[in-house]
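Novice: Dropping a structure here in structure tokens format, bear with me for questions.
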Amino acid sequence: MARRRADGVNAPDLFGRHLDLTPLRGRRRGVVRCIFQPCDRTPSLSIDIERGVFNCFSCGVSGGVKKFAELVGAAPHRRARFVYLSPLDEARRDALAAERHAAGSRAGHRPLMEASDGYRLTMLEVDHARAVASAAGPDAPLVWELLTLAATIERQANADLAEIVA
């Protein structure tokens, strides 16, 4: 049974959605490939699922489940604890997002809010593509094409958002 931390975040679910945990072979801690480095050939990300902490010996990134959720682009800092919870809590997170969207549209910023939501979703897809490429390893077929495509999409999304804001 997955233990929940005091703040309600389900660490096994969070780590399991973004990391390849097969090298752990059912253990609650170990070292896996770092998803924050596209070309990590050797496992360097140490994770402890029970305590909900991680540390990469190669790139130096470390923290708890909230920090991990922020880094994978799942949520901004103040709402990171709502990211990977039960379906009821996910509904609460969606309600917060709808509230924020409604507040933006009332203030006359609807196009900007839609653009920023689209940008956020695009960046989540780019991050997912990079994580898939990182998990596949540098010698897997089409990895470099996937990374190049992710970089191209990111550049275009940044340019589009800058154009809307300007």
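Under the working numbering, the residues of the sequence shown are numbered -6 to 159, in order.
Glycine included, every Cβ here is placed at the ideal spot set by N, Cα and C.
This structure is a prediction, so every number in the text was calculated from the model and none was measured.
#1: Does residue 20 come out as helix, strand or coil in the three-state DSSP assignment?
#2: Taking the Cβ atom as the reference point for each residue, do residue 46 and residue 57 lie within a distance shorter than 9 Å?
#3: Mind checking whether residue 11 and residue 61 have CB atoms under 9 Å apart?
#4: Span of the alpha helix (DSSP H) holding residue 61?
#5: Would you say residue 138 and residue 116 are within 9 Å of each other, going by their C-beta atoms?
#6: If we cut at 9 Å on Cβ distances, does residue 129 have a partner in chain D?
#7: Rounded to the nearest angstrom, what separates residue 28 and residue 59 at their Cα positions?
#8: Assuming contact is defined by CB atoms lying nearer than 9 Å, are residue 113 and residue 143 in contact in what I supplied?
#9: Which of helix, strand or coil does DSSP assign to residue 151?
#10: Assuming residue 25 contacts residue 7 under a Cβ cut-off of 8 Å, what Cβ separation, rounded to an integer in Å, is found between them?
#11: Using C-beta distances below 6 Å, list every residue in its chain close to residue 17, excluding the 5 sequence neighbours before and after it, in chain order.
#12: So, with DSSP's three-state summary, where would you put residue 50?
#13: Kindly indicate which three-state DSSP category residue 127 falls into: helix, strand or coil?
#14: Among the candidates 135, 150, 136, 128, whose CA atom is the shortest distance from the CA of residue 35?
#15: For the beta strand (DSSP E) containing residue 38, name the first residue and the last one.
Specialist: Taking the structure as given:
#1: Of the three classes helix, strand and coil, the one that applies to residue 20 here is coil, per DSSP.
#2: Judged by beta-carbon spacing, residue 57 lies within the 9 Å limit of residue 46, meaning their Cβ atoms are closer than that value.
#3: Cβ distance < 9 Å, so residue 11 and residue 61 count as in contact.
#4: 58 to 64 is the span of the alpha helix (DSSP H), which, as asked, contains residue 61.
#5: Cβ atoms of residue 138 and residue 116: not closer than 9 Å.
#6: Here there is only one protein chain, and chain D is not present.
#7: About 16 Å.
#8: Taking 9 Å as the Cβ cut-off, residue 113 and residue 143 do not qualify as a contacting pair.
#9: Reduced to three states, the DSSP call for residue 151 is helix.
#10: The C-beta separation of residue 25 from residue 7 comes to about 14 Å, leaving the pair out of contact by the 8 Å criterion.
#11: Result list for residue 17: 23, in chain order.
#12: Under the three-state reduction of DSSP output, residue 50 falls in the coil class, being neither helix nor strand.
#13: Three-state result, residue 127: helix.
#14: Distance check between residue 35 and each of 135, 150, 136, 128 places 128 closest, using alpha-carbon atoms only.
#15: Under the DSSP assignment, residue 38 falls in the beta strand (DSSP E) whose first and last residues are 38 to 41.
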